[in-house]
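Report on one structure; see the data block that follows.
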Amino acid sequence: MSRLDRRYAWLGVLLIAPTVLIFCMVIVYPLVSAIYLSLFSIFTPTLTGHWVGFANYADLVGSHEFWRSLFNTALWTVLTLVLQIALGIAMALMLHQNMVFRSLARSLILFPYFVSTVVAVLVWRWLFNDLYGILNHLMLWAGMFSAPIDWLGTMPNALASIVLVGAWKYFPFVVIAVLARLQSIPEQLYEAATIDGAGAWSRFTDVTLPQLREVLLVVVLLRAIWDFKEFDLIYLLTGGGPVIATQTLPRMVYKAAFGLNQMGRAAAVAVSMMLVMLAFMVVYLRIASRREREGRA
Amino acid sequence: MGGIVFSRVRKAFGSFVAVKDLDLEIGAGEFVSLLGPSGCGKTTTLRMLAGLEFPTAGTIAIGGRVVNDVAPGKRNVAMVFQSYALYPHMTVGENIAYPLRKQGVARAEREARVRAVAETLQLGALLDRRPKQLSGGQQQRVALGRALVREPAAFLLDEPLSNLDAKLRAHMRAELIELHRRVGKTFVYVTHDQLEAMTMSDRIAVMHEGVLQQFAPPRVIYDQPANLTVAGFIGSPAMNVMDAELVAAAGGAVAANGLLRAPLAAPGGGAGGARTIRLGVRPEDVLLGAGPLSGRIRVVEPTGHETIVAFEAAGASFVARAAADFSGAPGETVPFDLRSARLHVFDGATGGRLELSGAGPISAA
Ligand SMILES: Nc1ncnc2c1ncn2[C@@H]1O[C@H](COP(=O)(O)OP(=O)(O)OP(=O)(O)O)[C@@H](O)[C@H]1O
Ligand SMILES: [Mg+2]
């Protein structure tokens, strides 16, 4: 190695050092300490405890609450995700058309995404309220039911409610991503398909959808991760109730850490959650790298 | 089958009229080029034919059937786009098979027809590739294949060669001519390249600012341009044009200006009254080296097989095609002559062609 080469090598190390440092501080340290904490039994207020090894995990495996929460998390993620994607694509297709007030509609559609979760949930709770909520009022008035419905306090209404509000809150993200991609699909592909005899539905399935595949893959992955760890929306809307019927894993972490003051157990739940998300990640990377190899050269 | 008729077709975008009252009758099996400068309405005309754009007025008929209200997919025409518009996520084979799939052709027949087309266009080895893995020329052929496989009544091509390099373009030109001869279908070919139009077409429709200027075989377009616009657009270097006065003389008329006197005659006799005209002569009909006229050389451009000479005479600029061994130099005076039989005469006011031709040697003014 010449002197210049060596100097460049050092410069390289110097340049990536800040990134590595920050990465260690904000990702590696919390991760390692979470795993470390999960091996202790800790009393939250004093943060004192003793080593228990894998007892917290063994506990979880045998706990009905854990499995129920995991199931709830998966159910909520899948349902709200499907709804978000469907709604998002439909809305993006609509906003892609030439229509009056298009740019206004495009900005308005972002509203749910930008409004603070607390505010949004408060509004929805008010709409859902069984005594004075507008939803019940309208349904009673229309004669759909004879008595008010308890939207948040009974099952399966509570699950349906969080799924709906979740989809409403996050579908604008899908709209933005899909709309951006739609606008980059060359118009001539549609014209070629039209001349080749494709109707509106064929043009959608043969031209639009294949072009959306890449972006949908990313959107589904991101939204799946974010929905999987969603906390505030569910916590504020149903608190995980009735009982634990809508309790998801993040809610369980919170309950263990600050309700039951079992920080070690909470850490164990969090680490388990991370393992599940890691599985997502691996699947995603598999798909991504396979597509890379599949001659997109 | 496959004849195309435009009747008083007009297309307006808002207040801007892109195509003005177009009347055009294309015979079945004919290769017709729409030729004209950028923005003259060629693509708009083709897109109306394909059904991608709707005429503001007038009717379009394909194979004797008015298609104004027929969906693009039902017009039995195939189109090749300038950008090729291949479906990026489909293989070459799937791309070519797509129109058949949409027509509900059975799988076995589909595959057979794709194979046949692939053979014709030498795409056999590429059927499993995706468009991104092909060169421009190969993509071009796939786009042609997708059009061919349908066996449509007419092929519509919008500047299909403009994304290719010069050599490949010459090659594809020859292939297209060959293809047209083999399939014998109607081709409507949009181009702004006169070389393409001249070499490939049975007839050329020259357009300018939305108006059809002339519709005739290439030779006629070149030898008898209908007006100054066509005369100026076709031919490179462009035709030399000078002002002149037409005056009556014994046995016909004489065109005269500060440079020359040229006797003219109308085929039917009688050259009309005196008026202002424009006199045109193509660069290859300007003969340098001898003659009654003289000019001063400005620029000499040897191209290898010929020499392009720009010179001035009586205040007017001329361009001549001279032999490769032309030996004049800028600043020198050179005698020249014009082939009187190949003079073009246009009306000074309207620019329209006048049926007059040279009737004797040219003399100096
Ligand atoms: N959708 C449209 N809206 C408004 N004006 C249009 C539209 N499409 C075409 N034009 C106008 O119509 C005229 C003719 O356009 P066209 O595309 O037919 O030209 P062209 O002859 O194909 O030119 P080029 O050689 O550049 O492709 C142009 O002035 C163009 O600006
Ligand atoms: Mg064009």
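Chain order of the listed sequences is Z and B. With this note's numbering, the residue at position 88 of the first sequence is 96, and numbering never jumps. With this note's numbering, the residue at position 105 of the second sequence is 153, and numbering never jumps. Ideal Cβ placement from N, Cα and C applies to all residues, glycine included.
For K59 of chain B, the three-state DSSP class (helix, strand or coil): Along the second sequence, one-based indexing puts residue 59 of chain B at 11. Three-state DSSP puts K59 of chain B in a strand.
Close beta carbons around I170 of chain Z, own chain, < 8 Å, minus the five adjacent residues each side: For the purposes of this step, residue 170 of chain Z is taken as the residue at position 162 of the first sequence. Within the same chain, I170 of chain Z has close Cβ partners W84, T88, L241, I242, L245, T246 and T254.
Alpha carbon of F119 of chain Z to alpha carbon of F179 of chain Z, nearest angstrom: What you label residue 119 of chain Z is simply residue 111 of the first sequence in a count that begins at 1. What you label residue 179 of chain Z is simply residue 171 of the first sequence in a count that begins at 1. Rounded to the nearest angstrom, the two C-alpha atoms are 10 Å apart.
Start-to-end residues for the beta strand (DSSP E) that takes in T56 of chain Z: Residue mapping note: residue 56 of chain Z aligns to position 48 of the first sequence, counting from 1. T56 to W59 is the span of the beta strand (DSSP E), which, as asked, contains T56 of chain Z.
Contacts around A304 of chain B, its chain only, beta-carbon distance under 7 Å, and the 5 residues preceding and following it disregarded: Numbered from its first residue, the second sequence carries residue 304 of chain B at position 256. Result list for A304 of chain B: A292, E293, V295 and A413, in chain order.
Environment of I24 of chain Z [buried if 16+ CB atoms lie within 10 Å]: The residue labelled residue 24 of chain Z in the question sits at position 16 within the first sequence. Under this definition I24 of chain Z is an exposed residue.
8 Å Cβ cutoff, L197 of chain Z in contact with chain B: What you label residue 197 of chain Z is simply residue 189 of the first sequence in a count that begins at 1. With 8 Å as the cut-off, L197 of chain Z counts as an interface residue toward chain B.
Three-pair Cβ contact test at 8 Å for the stretch 221–233 of chain Z versus the stretch 195–207 of chain Z: no
8 Å CB neighbourhood of A361 of chain B in its chain, flanking five on each side removed: Working through the second sequence from its first residue, we reach residue 361 of chain B at position 313. Excluding positions up to five away in sequence, the list reads L307, L341, S342, G343, R344 and F384.
Beta-carbon proximity list for G376 of chain B, same chain, < 6 Å, skipping 5 on both sides: To locate residue 376 of chain B, count along the second sequence from 1; it is residue 328. Cβ within range, chain order: I345 and V382.
Contact test: K150 of chain B Cβ vs ligand 2 heavy atom, cutoff 7 Å: As a working note, residue 150 of chain B is residue 102 in the second sequence. No, the beta carbon of K150 of chain B sits no closer than 7 Å to any heavy atom of ligand 2.
Minimum length 4: unbroken alpha helix (DSSP H) runs contained in the stretch 143–193 of chain B: 155–168
Cβ of P53 of chain Z within 8 Å of any chain B Cβ: The residue you call residue 53 of chain Z lines up with position 45 of the first sequence. No, P53 of chain Z lies away from the interface with chain B (no Cβ there is under 8 Å from its Cβ).
Proximity test, K90 of chain B beta-carbon vs ligand 2 heavy atom, cut-off 7 Å: On the second sequence, residue 90 of chain B is found 42 positions in, with the first residue counted as 1. Yes - ligand 2 has a heavy atom lying nearer than 7 Å to the Cβ of K90 of chain B.
Environment of H353 of chain B [buried if 16+ CB atoms lie within 10 Å]: Sequence index remark: in the second sequence, residue 353 of chain B carries index 305 (1-based). Per the 10 Å Cβ criterion, exposed.
Rounded C-alpha distance that separates V128 of chain B from E380 of chain B: Within the second sequence, numbered from 1, the residue matching residue 128 of chain B stands at position 80. Within the second sequence, numbered from 1, the residue matching residue 380 of chain B stands at position 332. Using only the alpha carbons, I get a separation of about 51 Å.
Cα-Cα separation, S388 of chain B to N288 of chain B: Looking up residue 388 of chain B in the second sequence gives position 340. Looking up residue 288 of chain B in the second sequence gives position 240. Whole-angstrom Cα-Cα distance: 14 Å.
Segments of 4+ residues assigned as alpha helix (DSSP H) that fall wholly inside the stretch 209–252 of chain B: 214–231 and 242–248
As assigned by DSSP and simplified to three states, the class of A201 of chain B: Residue numbering aside, residue 201 of chain B sits at position 153 when the second sequence is read from its first letter. Coil.
Segment limits, alpha helix (DSSP H) that includes P265 of chain B: As a working note, residue 265 of chain B is residue 217 in the second sequence. Neither: P265 of chain B is in no alpha helix (DSSP H) and is coded neither H nor E.
Straight-line gap, Q170 of chain B to H240 of chain B (C-alpha atoms, nearest Å): For the purposes of this step, residue 170 of chain B is taken as the residue at position 122 of the second sequence. For the purposes of this step, residue 240 of chain B is taken as the residue at position 192 of the second sequence. If I take the Cα positions, the gap works out to 28 Å.
Distance between R178 of chain B and A305 of chain Z (C-alpha atoms, nearest Å): The residue given as residue 305 of chain Z occupies position 297 in the first sequence. The residue given as residue 178 of chain B occupies position 130 in the second sequence. Note that A305 of chain Z scores a pLDDT of 41, beneath 50, so its modelled location is shaky; the value from the coordinates is reported in the next line. Using only the alpha carbons, I get a separation of about 9 Å.
First through last residue of the alpha helix (DSSP H) which encompasses G174 of chain Z: On the first sequence, residue 174 of chain Z is found 166 positions in, with the first residue counted as 1. Element bounds for G174 of chain Z: N165 to Q191.
Cross-strand partners of M127 of chain B (DSSP beta bridge): Here the question's residue 127 of chain B lines up with position 79 in the second sequence. Answer is B:L204.
Pair within 8 Å by beta-carbon distance, V268 of chain B and V190 of chain B: Locating residue 268 of chain B in the second sequence gives position 220, where the first residue counts as 1. Locating residue 190 of chain B in the second sequence gives position 142, where the first residue counts as 1. Against a cut-off of 8 Å, the Cβ pair of V190 of chain B and V268 of chain B comes out as no contact.
Simplified DSSP assignment, three categories, for T246 of chain Z: Reading the first sequence from its first residue, position 238 is the one you call residue 246 of chain Z. Looking at T246 of chain Z - three-state DSSP - the assignment turns out to be coil, as it is neither helix nor strand.
Closer than 8 Å to chain B by CB, I93 of chain Z: Here residue 93 of chain Z refers to the residue found at position 85 of the first sequence. No, I93 of chain Z lies away from the interface with chain B (no Cβ there is under 8 Å from its Cβ).
Backbone secondary structure at F62 of chain Z - three-state DSSP: The sequence position of residue 62 of chain Z within the first sequence is 54, counting from 1. Note: F62 of chain Z maps to coil in three-state DSSP.
Min CB distance D13 of chain Z to chain B below 8 Å: For the purposes of this step, residue 13 of chain Z is taken as the residue at position 5 of the first sequence. For D13 of chain Z, the answer is no, since every Cβ of chain B falls outside 8 Å of its Cβ.
Alpha-carbon spacing of I43 of chain Z relative to V279 of chain Z, whole angstroms: The residue labelled residue 43 of chain Z in the question sits at position 35 within the first sequence. The residue labelled residue 279 of chain Z in the question sits at position 271 within the first sequence. If I take the Cα positions, the gap works out to 6 Å.
V67 of chain B beta carbon near ligand 2 (any heavy atom closer than 7 Å): Mapped onto the second sequence, residue 67 of chain B falls at position 19. No.
Interface partners of I97 of chain Z on chain B, CB under 8 Å: Indexing the first sequence from 1 puts residue 97 of chain Z at position 89. Those within 8 Å of I97 of chain Z in chain B number zero; the least Cβ separation is about 17 Å.
Chain-ordered neighbours of G258 of chain B on chain Z, where CB pairs are closer than 8 Å: In the second sequence, counting from the first residue as 1, residue 258 of chain B sits at position 210. Chain Z residues near G258 of chain B: none, gap ~22 Å exceeds 8 Å.
According to DSSP, residues forming a beta bridge with M290 of chain B: As a position in the second sequence, residue 290 of chain B is number 242, starting the count at 1. In the DSSP output, where bridge partners are listed per residue, M290 of chain B has B:L327.
Where I35 of chain Z falls, given that 16 or more other Cβ within 10 Å makes a residue buried: Along the first sequence, read from residue 1 onward, the residue named residue 35 of chain Z stands at position 27. By the neighbour-count rule (16 or more Cβ atoms within 10 Å), I35 of chain Z is not buried but exposed.
Close-in-space but distant-in-sequence residues of the same chain around L196 of chain B (CB under 6 Å, 5 per side omitted): Locating residue 196 of chain B in the second sequence gives position 148, counting from the first residue. Hits under 6 Å: V165.
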